[in-house]
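Below is one structure, written out as structure tokens; the observations come after it.
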Amino acid sequence: MLVKILGSAAGGGFPQWNCGCVNCHGVRDRSFKGSFRTQAQLAWSAAPSRWSLLNASPDLRVQIEATPDLWPPNGTRNSPIHDVILASAEVDQVLGLLLLREFHSFRAYATRSVRKILTEDNSLFGVLARFPGQVCWQDIPLDRPFCAGGARLEVLPLRGSFPGFVRAPRLAELNAADAVIGLLISPELGASSSGRTLAFLPGVSCIPDALLERLQSCDVLLFDGTFWSDDEPLQIPGVTRTARQMGHVPLSGPGGSLECFAALQRPRKIFIHINHTNPILDEESMEHRMVREAGWEVAGDGMEMTL
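As numbered in this note's numbering, residues 9 to 315 make up the sequence shown, in order.
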């Protein structure tokens, strides 16, 4: 099963459109060693010409055009994208669904609460129901594995919250466990299955021992690389919450991901969902060097791996 990282940045991408910070300015004028990045997006294929998306980034159209495997066959009006799996209702993870509205049928997987938020509370998503069978919604079970796009997926419950745009009456009736999920992804069981597993956790507020234990047997770990330090977001005008308060474990400091995962040896460890303020985006920075020396990679758009 082939996995592609179509986008590796946090919300807003890198550089962010309205930001002239050191990082954003540096990558624009090529004054530091770093790469442009679109907003976090994964795709995988377990069969020829059939692709699944993990989330639906606002940058999805650009990412599709940058990935020939996702282009329609010559002379057709079709797409190899058959499934979209949503890990939350955050705008950065669902807005791309609206870019798939041009009379193309596909399956969308989401927890029951996320499905209700999108299909019952927001009339804009009605563009995905303009003809029978345009989008077939499937609820993601929290208590057992499920299959989609030739992969076996298992939910990793995370301590997260629903987006701020969800109204209070709706929040009162939703299952809090549905808000944010991580996923374990492996080829569907069969004679050709490799048994390899990828963990996708781009937004994690804490790292309990139970999570560490589950990740011990993974082969690839794509983990929350949003912020370097807990107080990093406070440097952004208008932001009043720390990284942890925003639902992201920082990389550095006591209890940070570099410390917590220091003994995790088996997986290939990759930071993804990297905010434009994070100093690891500068490949010549001390922070980038510390990440690499700790055995981690920094995700970039276009990276590929095989399960």
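C-beta: ideal position from N, C-alpha, C; glycine also. Bear in mind the structure is a predicted one, so any value in this text is a computation, not a measurement.
Considering only L62, P76 and Q142, the residue with the shortest C-alpha distance to L94 is L62. The C-alpha of R109 is placed about 43 Å away from the C-alpha of R297.
Taking G255 as reference, the option from S237, A270, A271 and L272 with the minimal CA-CA separation is S237.
Taking F208 as the centre and dropping the five residues before and after it, the same chain places the C-beta of L50, L62, G190, L191, I193 and L230 closer than 7 Å to its C-beta, in chain order.
Around Q243, the same chain offers T285 as residues with beta carbons nearer than 7 Å, after the five sequence neighbours per side are excluded. When DSSP assignments are scanned along the segment 270-313, the uninterrupted stretches of alpha helix (DSSP H) that are 4 or more residues long and fall wholly within it turn out to be 294-301. When rounded, the separation of the alpha-carbon atoms in T127 and A185 is 19 Å. In the three-state DSSP reduction, H90 falls in the strand class (E or B). A distance below 6 Å between beta-carbons, with the five flanking residues on each side excluded, links L272 to no residue of its chain. In this structure, the alpha-carbon of M294 lies about 33 Å from that of A64. Minimum Cα-Cα distance from Q253 among the listed residues P245, G263, S260 and P241 corresponds to P241. Residue R167 holds the alpha-carbon nearest to the alpha-carbon of P216 among R167, L259, R178 and N283. Contact annotation, K12 with T84: C-beta distance approximately 22 Å; criterion of less than 8 Å not satisfied. The beta carbons of Q24 and D100 sit no closer together than 8 Å. Take S113, set aside five residues on each side of it, and the residues of its chain with a beta-carbon closer than 8 Å to its own are G141, Q142, V143 and C144, in chain order. Only buried fits H90, as 16 or more other CB atoms lie within 10 angstroms of its CB.
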